[in-house]
Structures are given as structure tokens and as C-alpha cells.
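The sequence shown begins at 2 in the numbering used here and counts up by one. The beta-carbon is built from N, C-alpha and C at its ideal position, and this holds for glycine as well.
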Amino acid sequence: MDLRIFTEPQQGASYDDLLRVAKATEDNGFDAFFRSDHFLKMGSASGLPGPTDAWVTLGALARETSRIRLGTLVTAATFRHPSVLAISVAQVDQMSGGRVDFGLGSGWFDAEHRAYGIPMPEVRERFDLYAEQLEIITGLWETPEGETFSFDGKHYQLADAPALPKPAQSPRPPVIIGGSGKKRTPALAARFANEFNLPFADVAAASAQFERVDAACREIGRDPKEITRSVAQVVAIGKDEAEFARRAAAIGRDPGEVRQTGLAGTPAEVVDKIGRYREATGITRLYLQVLDLSDLDHLELIASDVAPQL
């Protein structure tokens with residue numbers, strides 16, 4: 002079971018905060034450091050000192066870390082032109098020595114788009130944009146050096162793009178697709194994904210969606226086992242009940258609620274829940290949503306008391 006640390010810096014974090022967490026992620030033996038790609042806080046958090054750009058952050062962390070994988074869960078297709086995004090991600094992959102996993106989604110947070118004047122099409126058009134972006138980004142990366150890439154879509158047109166720079170990973174970084182859409186999401190995953198992720202889903206919902214992805218793979222003749230199954234869950238763990246309650250309070254969650262919906266409680270409770278989740282769904286990768294970025298002791302506890310039992 003790969004354990005990855007997943008942060009939400011739009012809720013309030015500077016680059017220095019993220020650097021501390023990324024280094025703690027590496028020092029404590031976790032597999033990867035991931036962050037959201039958002040520009041606006043959610044809920045009652047202050048959001049101070051303001052948003053940080055996901056790919057600027059990951060480029061800097063690429064030079065400050067040496068082992069952990071780096072990525073977004075997930076970049077929004079509405080935020081960037083696909084050609085520019087392909088260049089940015091390829092550069093970060095080079096800067097990290099080939100440690101990028103590329104998560105891409107259609108975008109969803111209406112208030113964020115309104116706040117910053119970013120167009121937010123209706124769902125159907127947004128998925129059309131998303132599908133074209135996946136074709137363009139993977140196409141640019143996979144085009145052999147010395148050849149060009151062209152694309153004539155409804156929303157994007159590229160003519161003889163040099164398809165440079167190339168990522169360090171060949172033919173491209175792993176692509177992560179996720180979400181609960183019942184038709185187009187599994188179909189896109191079957192075509193493009195190396196990993197399929199479900200955020201904050203219960204066992205029944207996750208199992209059903211993974212089966213849809215498997216069916217979409219079989220429909221196009223792809224082996225479903227080629228796609229890694231992963232989930233993201235909020236984490237709040239304490240070595241005893243008092244420490245757990247303190248950590249739940251620090252992220253504004255009721256202990257009973259987060260215990261039921263997330264990975265929360267004592268290490269033994271969480272290990273048992275992960276085991277049951279894995280047995281039911283076949284996941285091999287877990288993103289731990291860490292919301293209190295000042296609590297590095299939390300990462301140490303997970304590394305010492307949870308990870309070895311998995």
C-alpha cells in the first residue's frame with residue numbers, strides 16, 4: 002500500500018509551509034507529496050496568506066526533495082491552456098528527475114471561477130474541453146523528438162507543434178484521472194489513465210466506480226489491471242483518544258463524524274479500516290488528506306504506528 006500525503010493549501014498555507022510538509026513527507030518514508038490545484042478557500046478557513054500556484058510550487062519542491070513523487074489531485078482543465086500545461090508539467094518532471102504524477106480533472110468549483118474571472122462552461126462542454134486536453138497533453142509528450150504534433154478539435158487547434166520539452170519519464174508521466182461520473186469519466190480513464198482515484202468515497206461507491214472503469218477498459222481491449230486503484234481520505238489520528246480529539250478539533254471536524262467518514266481514531270482503528278477498505282475495493286494506493294499543515298508530529302505518528310502495519 003503506497004501512502005501519499007495530500008494537502009489543501011488554498012485553505013491557508015505559504016510555500017514555506019508546504020516545503021516543511023514535503024520534507025517531512027520524504028523524511029518519514031511516505032511515497033509522495035500531492036497538493037490540490039485551487040485558488041480560493043472553501044468554508045470558514047481564512048485562506049491566508051493567499052493561494053499558491055500548484056505547478057510553481059511543485060517545480061520548487063522538485064529541487065528541494067530527492068525521492069518522493071510529486072503531483073496534483075487534481076489540476077483543473079479550466080485553469081490552463083493544454084499546450085502551456087504540457088510544457089509546465091514536462092519541465093517539473095525534468096526538474097525532479099522524473100518524479101511527477103499528473104492528475105487532471107474537468108474543474109468544478111464555481112465560486113473560484115467567478116472570483117478570478119475564469120470561464121466555467123456547463124458540464125457537457127467542460128468534459129469536452131477535458132477530453133481534448135487529455136489528447137493534446139499526452140499527444141505532445143508522446144510525439145517522438147524531431148516530429149511535430151497537430152490537433153484539430155472543437156475547442157483547441159494545434160498546427161505542427163514541436164512537442165517540446167519532453168518529460169524526463171518516457172513516454173510520459175503517469176496520468177491520474179478520478180471522479181464519480183458514470184459514463185464519460187470511466188471511458189476517459191480507460192483511454193488515458195495509469196491510475197484511477199476516488200476522493201472521499203465509501204466502500205460501496207468506490208467498488209461500483211472501479212468496476213465501471215474496468216468495464217470501460219475491457220470495452221476497448223485494455224487490461225483493467227494496468228490501472229492503479231487509489232482513494233483519498235481525510236486523516237486524523239491520535240495515539241490515544243485525547244490526542245485524536247485534539248486533532249479532529251484542529252481541522253474543525255466532529256470526532257464521531259470524521260471517525261465514520263474518514264481515516265480517524267487510533268492507529269489500530271485506522272489500520273483495520275484501511276485493511277477492510279482494501280479487501281473490498283482492491284486499492285493499492287492511499288492519499289491521506291492532511292489539513293493541519295503545522296502538525297508535523299501527525300505525519301511522524303502515521304509513519305511509525307500505521308505505515309509499518311500495512
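Taking DSSP's pairing of strands, which residues face Ser231 in a bridge?
According to DSSP, Ser231 bridges with Asn198 and Arg286.
Beta carbon of Asp3, beta carbon of Thr282: below 9 Å?
The answer is no: Cβ separation not under 9 Å.
Indicate whether Glu227 and Thr267 have their beta-carbon atoms separated by less than 9 Å.
Not in contact: Glu227 and Thr267 (Cβ atoms no closer than 9 Å).
Kindly indicate which three-state DSSP category Ile252 falls into: helix, strand or coil?
Three-state DSSP puts Ile252 in coil, outside helix and strand.
With three or more C-beta pairs closer than 8 Å as the rule, is the region 98-117 touching the region 72-86?
The region 72-86 vs the region 98-117: in contact.
Out of Gln11, Ser67 and Trp56, which has the shortest C-alpha to C-alpha gap to Gly44?
With distances taken between Cα atoms, Gly44 lies closest to Gln11.
Would DSSP call Leu302 helix, strand or coil?
Leu302: helix per DSSP, three-state reduction.
May I ask you to report which of helix, strand or coil DSSP gives Asp161?
Strand at Asp161.
Looking at the structure shown, is Leu297 part of a helix, part of a strand, or coil, going by DSSP?
Reduced to three states, the DSSP call for Leu297 is helix.
Mapping DSSP to helix, strand and coil, what is Ser151?
Three-state DSSP puts Ser151 in a strand.
From the DSSP secondary-structure annotation, give me the bridge partner or partners of Ile119.
Per DSSP, none; premise fails for Ile119.
Between which residues of its own chain and Asn195 is the CB-CB distance below 6 Å, once the five residues before and five after are set aside?
Closer than 6 Å at the Cβ level, and outside the excluded window around Asn195, lie Pro175 and Val176.
Thinking just about the alpha-carbon of each residue, which of Ser97, Leu287 and Ala160 is nearest to the one in Asn198?
Answer by Cα proximity: Leu287.
For Arg81, name the three-state secondary structure that DSSP assigns.
Three-state result, Arg81: coil.
Between the alpha carbons of Leu165 and Val57, how many angstroms are there, rounded?
Going from the Cα of Leu165 to the Cα of Val57 covers about 19 Å.
I need the straight-line Cα distance from Glu27 to Gln290, nearest angstrom please.
Distance between the alpha carbons of Glu27 and Gln290 is about 16 Å.
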